[in-house]
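A.B. asks: Each residue of the sequence shown is one higher than the one before, counting from 25 in the numbering used here.
Right, I'll just put the structure down here and ask away after.
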Amino acid sequence: MSSRTPLIAGNWKMHKTGLQAAEAAGQLKRRVEKATDVEVMIAPAFTALYQVARALEGSNIALGAQNLYWEKQGAFTGEVSSEMLVEAGCTHVIIGHSERRSFFGDTDETVNRKIRAALSAGLVPVFCVGETEAQREAGETFSVLDKQVRDGLKDFVFDDLTGLVVAYEPIWAIGTGKTASREQAQEAHQFIRSLLDKLFGNPFASAVRILYGGSVKPNNVRSLMEMPDVDGALVGGASLDPETFSKLVFYNQ
Numbered sequence: 025m026s027s028r029t030p031l032i033a034g035n036w037k038m039h040k041t042g043l044q045a046a047e048a049a050g051q052l053k054r055r056v057e058k059a060t061d062v063e064v065m066i067a068p069a070f071t072a073l074y075q076v077a078r079a080l081e082g083s084n085i086a087l088g089a090q091n092l093y094w095e096k097q098g099a100f101t102g103e104v105s106s107e108m109l110v111e112a113g114c115t116h117v118i119i120g121h122s123e124r125r126s127f128f129g130d131t132d133e134t135v136n137r138k139i140r141a142a143l144s145a146g147l148v149p150v151f152c153v154g155e156t157e158a159q160r161e162a163g164e165t166f167s168v169l170d171k172q173v174r175d176g177l178k179d180f181v182f183d184d185l186t187g188l189v190v191a192y193e194p195i196w197a198i199g200t201g202k203t204a205s206r207e208q209a210q211e212a213h214q215f216i217r218s219l220l221d222k223l224f225g226n227p228f229a230s231a232v233r234i235l236y237g238g239s240v241k242p243n244n245v246r247s248l249m250e251m252p253d254v255d256g257a258l259v260g261g262a263s264l265d266p267e268t269f270s271k272l273v274f275y276n277q
């Protein structure tokens, strides 16, 4: 287990209306108020951000968004800018999630632009990378991760990336009930950290948090978190229920 402060992040995806999200956030706030050795973040839908921000006031839970657009304003129907997220109360934003890449055309290039926009607005990017099942079976896991990390962080320097969080999400384990073994997770996380060391130096690579995302549940989170390069979790379905999610937050008890 690392000395980096763990981050347990919930991606609520396209679930919960504003009222439902605020209610769940309020319940979570009460359940995790005594969590002191771990950071917590939830990312509801855009339409719920403002209401959830109000529900989280005075809590130790950070608010994140699930996506953003890289331009500050303009004729970009349906998009949301970094400044809009900040005004809504966000401190974090998920970028490059596999569902954005698979269904909505996100590429390594657009991910790079989004990370830059997030950082320029003072948001913490949660930068997602990961391979498909076919890529893993073909032995391409490391080459896929190498390209996604290099292209996603292209033209950045060490000082640009303060606060960056990386999330390794093996696509074959998202919502499938399959979970990478803790050894598989550690192997991928270690590869990502060593690559960040090559690109930006050891101080950055040693400090950056790398989350695991892929069917994280109360019965496997502790085992995963025992790995030296696993610094938290990006949680999908198990984050929707405040009771279940709070068990992940208190994984070490």
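All C-beta atoms in this analysis are idealised placements derived from N, C-alpha and C, irrespective of residue type, glycine included.
Quick caveat, the model's predicted, so the values are computed rather than measured.
Using three-state DSSP, classify valine 116 as helix, strand or coil.
C.D. replies: What sits at residue 116 in the sequence shown is histidine, not valine. Strand, per DSSP.
A.B. asks: Would you identify the three-state DSSP class for asparagine 276, choosing helix, strand or coil?
C.D. replies: coil
A.B. asks: According to DSSP, is leucine 147 part of a helix, a strand, or is it coil?
C.D. replies: coil
A.B. asks: Along the chain, where does the beta strand (DSSP E) that runs through glutamate 63 open and close?
C.D. replies: Segment 63-67, the beta strand (DSSP E) holding glutamate 63.
A.B. asks: So leucine 73 packs on alanine 112, CB below 8 angstroms; how close in whole Å?
C.D. replies: 4 angstroms
A.B. asks: Could you compute how far the alpha carbon of valine 189 sits from the alpha carbon of tyrosine 236?
C.D. replies: 11 angstroms
A.B. asks: With distance defined between alpha-carbon atoms, name the residue in Ala141, Arg125, Val181 nearest to glutamine 172.
C.D. replies: Arg125
A.B. asks: Return the chain-ordered list of same chain residues with a C-beta closer than 7 angstroms to the C-beta of phenylalanine 182, the five sequence neighbours on each side being excluded.
C.D. replies: Phe224, Gly225, Phe228
A.B. asks: Please classify serine 230 as buried or exposed, where buried requires at least 16 other C-beta atoms within 10 Å of its C-beta.
C.D. replies: exposed
A.B. asks: Is the beta carbon of leucine 248 sitting closer than 9 angstroms to the one on alanine 262?
C.D. replies: no
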